[in-house]
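Residue numbers for the sequence shown follow the numbering used here, beginning at 31 and rising by one. The C-beta atom is built at its ideal place from N, Cα and C for all residues, glycine as well.
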Amino acid sequence: MQKKMIAVVLSGCGHRDGSEIHEATLTLWAVHKNGAEFQCFAPDIPQHHVLNHITGEEMPETRNVLVESARIARGKIKDLKAFKESDFDALIFPGGVGAAKNLCTYAMDGPNCTVNDDVARAIRAMHAAGKPIGALCIAPVLLARVLGNVELTTGQDQGTANDLAAMGAHHTPTSQGEIAVDRANKVVTTPCYMLQSGVDQIGTGADNLVRAVLELCG
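This is the structure in structure tokens:
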């Protein structure tokens, strides 16, 4: 039987200004653990900014989201412009603040945010094709902004839940490792570091999300 192929979209490297490395890595681990394959993608765009991950201070330099994401993908990554929904069974977005700074402008603009054109195109194409989409941590805001009326979780923060509602989505509170599954829209989300979590709990959440996504693939 042919293995399911999952597209994983990264947003840089490092939780303050790119992809959360634990969430991204454990998503890739869960894909292989559950018998599927992955291809990483990222938009070939400048990073919103670069932060010192020790101090949190902005650094006087520029970086590229695709180049930084390649660190996590071990160089095996493609420009998101090359994504074709017909080549994949599912689409997953790991979290990290880069999802809210580089893939969209949620970190700056809240529910009035805009989503990167290639990110929005990939989400719409997969949804229109009836193929499942997963999102971890803060990445569900992408799905709320693009799809609107979907059931999502980002954990238990009421402020984020209110923002999701303002974008037309419905928030389900969850704890560490839990997932929210919108079967009608084939969307699966999990809170990860939106809650105080250990790396093992991130692994549990990523594994639960990937297994649910693969189940929705049929």
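Bridge partners for residue i per DSSP, in chain order?
| i | result |
| --- | --- |
| L182 | H201 |
| C134 | V145 |
| T92 | Looking at the DSSP assignment, T92 forms no beta bridge with any residue, so it has no partner. |
| G164 | I122, V218 |
| K108 | F71 |
| A158 | Note: A158 sits in no beta bridge, so no partner. |
| A249 | No answer is possible for residue 249: the residues shown for the chain start at 31 and end at 248. |
| D212 | V217 |
| L81 | E88 |
What separation, rounded to the nearest whole angstrom, lies between the Cα atoms of residue i and residue j?
| i | j | result |
| --- | --- | --- |
| M89 | N82 | 6 Å |
| S49 | I102 | 9 Å |
| N52 | C70 | According to the sequence as given, residue 52 is His; it is not Asn. If I take the Cα positions, the gap works out to 15 Å. |
| N132 | D148 | 12 Å |
| E115 | T57 | 19 Å |
| A195 | H201 | 7 Å |
| A37 | G228 | 26 Å |
| G140 | F68 | 30 Å |
| T135 | Q188 | 20 Å |
| A155 | D193 | 24 Å |
| G160 | Q206 | 28 Å |
| V176 | V145 | 8 Å |
| L172 | M224 | 15 Å |
| M31 | E181 | 32 Å |
Could you tell me which of the options sits nearest to residue i, measuring between CA atoms?
| i | options | result |
| --- | --- | --- |
| F123 | Q231, G228, S227, C222 | C222 |
| A186 | A174, A120, E208 | The question names Ala, yet the displayed sequence has Gln at residue 186. Residue E208 is the option with its Cα nearest to Q186. |
| R93 | G65, M138, G44 | G44 |
| H79 | T55, R46, A66 | R46 |
| S41 | T220, D212, M138, G126 | G126 |
| L166 | G235, I84, T85 | G235 |
| P203 | A100, A191, A137 | A191 |
| F118 | Q231, G86, A66, I84 | A66 |
| K33 | A120, R213, A130, I232 | A120 |
Since residue i contacts residue j with CB under 8 Å, what's their CB separation in whole angstroms?
| i | j | result |
| --- | --- | --- |
| V39 | L110 | 6 Å |
| P162 | K216 | 4 Å |
| N238 | T219 | Rounded, the Cβ-Cβ distance is 11 Å, inconsistent with contact. |
| I168 | A129 | 6 Å |
Check: Is it a yes or a no for the region 232–248 touching the region 70–77, going by three-plus beta-carbon pairs under 8 Å?
Finding: no
Margin query: When you compare the region 237–244 with the region 52–61, are there three or more beta-carbon pairs, one atom per stretch, that lie closer than 8 Å?
Written below: yes
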